[in-house]
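Residue numbering for the sequence shown follows the working numbering, starting at 33 and increasing by one per position. Don't be surprised by glycine CBs; every beta carbon is placed ideally from N, CA and C. Accompanying notes for the structure given below.
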Amino acid sequence: MDIRVATLCDFAQVREGLLFVSSAGITRVYREAFPAPVGVMLALVLEMSPVEAMEPHKIRVRVEDADGQKLAEMTGEVQVKLGSGHDPGELVNVPFVADFRAMKLPTPGRYQVAIQPDTDGANPVALGFRAAVRNDS
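Now the structure itself:
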């Protein structure tokens with residue numbers, strides 16, 4: 033399994049095996065005051081072999097502060113039932129979404145979303161972002 037797409041976005045959903053993403057590539061969140069909701073979602077596309085896709089796999093996603101302290105964590109499971117439309121050996125794209133919009137950020141500063149698949153050899157990914165007070169003056 034490889035993580036082929038990983039992005040923070042305003043909104044994401046999976047429909048009929050497809051990933052829909054709105055306003056991707058977030059690296060900054062501006063809020064009036066803190067604590068404040070982070071307001072972002074995580075969108076992933078996992079690439080797997082057909083054999084891997086049919087097995088259940090867990091994905092652990094953590095939101096951490098600059099010191100690596102966990103602010104939120106969720107674990108999801110992915111598994112695909114392949115139809116007859118796949119060629120033998122064809123790699124499978126599996127979309128995955130995690131919703132952290134309501135999670136509170138305690139203070140301005142650096143944060144990251146760390147993604148860890150449970151598959152041997154799968155590389156973890158970390159997406160960093162900065163939270164700051166909005167200054168509209």
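If we ignore side chains and look at the alpha-carbon of each, how far apart do residue 57 and residue 161 end up? Counted from its first residue, the sequence shown places residue 57 at position 25. Counted from its first residue, the sequence shown places residue 161 at position 129. Cα to Cα, residue 57 sits roughly 10 Å from residue 161.
Taking the C-alpha atoms as reference points, what is the distance between residue 51 and residue 89? The count along the sequence shown starts at 1 and reaches residue 51 at position 19. The count along the sequence shown starts at 1 and reaches residue 89 at position 57. Spanning the two alpha carbons is a distance of roughly 18 Å.
Excluding the 5 residues flanking residue 68 on each side, which residues of the same chain have their C-beta closer than 7 Å to its C-beta? In the sequence shown, counting from the first residue as 1, residue 68 sits at position 36. The answer, listed in chain order, is 136 and 137.
Measuring only the C-alpha atoms, how far is residue 127 from residue 156? For the purposes of this step, residue 127 is identified with residue 95 of the sequence shown, where counting begins at 1. For the purposes of this step, residue 156 is identified with residue 124 of the sequence shown, where counting begins at 1. Roughly 16 Å separates the two Cα atoms.
I'd like the ranges of any beta strand (DSSP E) spanning at least 3 consecutive residues and lying wholly in the stretch 108-138. 124-131
Between the CA atoms of residue 59 and residue 42 - distance to the nearest angstrom: Looking up residue 42 in the sequence shown gives position 10. Looking up residue 59 in the sequence shown gives position 27. Distance between the alpha carbons of residue 42 and residue 59: 11 Å.
What does DSSP give as the partner residues of residue 141 in its beta bridges? On the sequence shown, position 109 is the one that residue 141 refers to. Answer is 163, bridged to residue 141.
What is the DSSP secondary structure of residue 84, reduced to helix, strand or coil? Residue 84 sits at position 52 when you count from the first residue of the sequence shown. In this structure, residue 84 counts as helix in the three-state DSSP scheme.
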